[in-house]
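Asker:
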Ligand code: FES
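In this note's numbering, the protein residues as written are 7 to 163.
(1) Classify residue 99 as buried or exposed, calling it buried when 16 or more other Cβ atoms lie within 10 Å of its own Cβ.
(2) For residue 85, which residues of its own chain have a beta-carbon under 6 Å away from its beta-carbon, when the five flanking residues on both sides are left out?
(3) Shortest alpha-carbon distance to residue 66 belongs to which of 83, 40, 45 and 87?
(4) Considering Cα atoms alone, identify which of 46, 89, 11 and 43 is closest to residue 57.
(5) Shorter than 6 Å, the distance from the beta carbon of residue 56 to the closest heavy atom of ligand 1, or not?
(6) Does the separation of the CB atoms of residue 93 and residue 132 fall below 7 Å?
(7) Go through its chain and collect everything with a Cβ distance to residue 74's Cβ below 8 Å, but skip five positions before and after it.
(8) For residue 127, which residues does DSSP report across the bridge?
(9) What would DSSP say about residue 142, mapped onto helix, strand or coil?
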């Protein structure tokens, strides 16, 4: 069955539309509503948004995959995003990536079998002065070492 917004989310959607000159311009906040309602945005969520905004599902999916901040179906409860941009790379972020991969036994773009953790490489997290940095859900962790990563992951387990 296709995804539908609850009455409350539909009201929010209608309210959001009043802030934009046309439906297409409301694409990003409408994707956020899907994430809030269902926990993540999948192809069915894209279809819902496409229907609401009179866009093609392919266009919506293209926008969704351009941005890294939307939760996707495969993400774990703890979504680990490791910055792989220059300043972090110079401060050994790739070593952090390898450490997390080994510790959780997953590759980039995968989720642990229990669904708890997923791992991604992302672009600059705007924390270059405290590189290397990672983001887990809404929280930042900076000046990382493999030992600090162990403590962070153990605390989340
Ligand atoms: S380069 Fe990693 S936070 Fe900016």
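Built from N, CA and C at the ideal position, the CB exists for glycine as well.
Answerer: Working from what's here:
(1) Your numbering for residue 99 matches position 93 in the chain shown. Looking at its Cβ environment, which holds 16 or more other Cβ atoms inside 10 Å, residue 99 is buried.
(2) Position 79 of the chain shown holds residue 85. The answer, listed in chain order, is 124 and 143.
(3) Here residue 66 refers to the residue found at position 60 when the chain shown is read from its first residue. Nearest of 83, 40, 45 and 87 to residue 66, Cα basis: 40.
(4) Mapped onto the chain shown, residue 57 falls at position 51. The shortest Cα separation from residue 57 among 46, 89, 11 and 43 belongs to 11.
(5) Start at 1 with the first residue of the chain shown, and residue 56 comes out as number 50. No.
(6) Taking the first residue of the chain shown as position 1, residue 93 is located at position 87. Taking the first residue of the chain shown as position 1, residue 132 is located at position 126. It is not a contact, given that the beta carbons lie outside the stated cut-off.
(7) Position 68 of the chain shown holds residue 74. Taken in chain order, the residues that qualify are 87, 126, 128 and 129.
(8) Taking the chain shown and counting its residues from 1, one reaches residue 127 at position 121. Answer is 88.
(9) Translated into positions along the chain shown, residue 142 becomes position 136. In this structure, residue 142 counts as strand in the three-state DSSP scheme.
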